[in-house]
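What follows is a single structure, written as structure tokens, with notes after it.
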Amino acid sequence: PHWVQIGFPEARSIGQVVIYWSLDASRLHTSRDYVVTALTDAGAVELARVSGQEPSSASIHRFDAISANRVRIEQAARGGPGHRPGIMWIREVCVAP
């Protein structure tokens, strides 16, 4: 499995996470299977669960706003792109209110 985590100096309201996937040699590296989780003072809260995602330049996840200290994107083992399932290749992550 692979993961990336974005931490904040203090809890903040988040209502959207956008994941921009890597593009290399005209090929998208979109993860197929992953979970987006908010880490709060009360514990982890699942915001999105993705399975079998098709190639895309970005994945947009909107949800009811939650106060969190960190956001974590965790890809299952071999949940990467179909042509390279063992990698997780994110270009950018945007966390917004």
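Sequential numbering from 11 applies to the sequence shown in my numbering.
Cβ coordinates follow ideal geometry from the N, Cα and C atoms, glycine included.
All figures in this text were calculated on a predicted structure; none of them were measured in a lab.
Measure from the alpha carbon of residue i to the alpha carbon of each residue in the options, then state which is nearest.
{"i": "Asp-43", "options": "Pro-107, Glu-102, Val-103 and Ile-97", "result": "Ile-97"}
{"i": "Ala-21", "options": "Val-81, Arg-101, Pro-91 and His-39", "result": "Val-81"}
{"i": "Ile-76", "options": "Ile-83, Thr-50, Val-60 and Ser-32", "result": "Thr-50"}
{"i": "Thr-47", "options": "Trp-31, Tyr-30, Ser-32 and Gly-17", "result": "Gly-17"}
Taking the straight line between their C-alpha atoms, what separation do you get for residue i and residue j?
{"i": "Ala-68", "j": "Val-28", "result": "7 Å"}
{"i": "Gln-15", "j": "Asp-74", "result": "20 Å"}
{"i": "Ala-54", "j": "Asp-34", "result": "33 Å"}
{"i": "Gln-63", "j": "Gly-89", "result": "10 Å"}
{"i": "Glu-56", "j": "Trp-99", "result": "21 Å"}
{"i": "Arg-94", "j": "Val-103", "result": "21 Å"}
{"i": "Ser-36", "j": "Ile-70", "result": "21 Å"}
{"i": "Arg-72", "j": "Trp-13", "result": "20 Å"}
{"i": "Ser-66", "j": "Val-45", "result": "16 Å"}
State the CB to CB distance for the pair residue i and residue j, rounded to an integer number of angstroms; the pair is presumed to be in contact (CB under 8 Å).
{"i": "Gly-25", "j": "Ala-78", "result": "Wrong, their Cβ atoms sit about 11 Å apart, outside the cutoff."}
{"i": "Ala-86", "j": "Pro-11", "result": "6 Å"}
Bridge partners of residue i, per DSSP?
{"i": "Ile-97", "result": "Per DSSP, none; premise fails for Ile-97."}
{"i": "Arg-22", "result": "Ala-78"}
{"i": "Ala-106", "result": "Gln-26"}
{"i": "Gly-17", "result": "Arg-80"}
Quick check for students: name the residue ranges of the beta strand (DSSP E) that lie wholly in the stretch 31–73, counting only runs of 3 or more.
44–50 and 53–60
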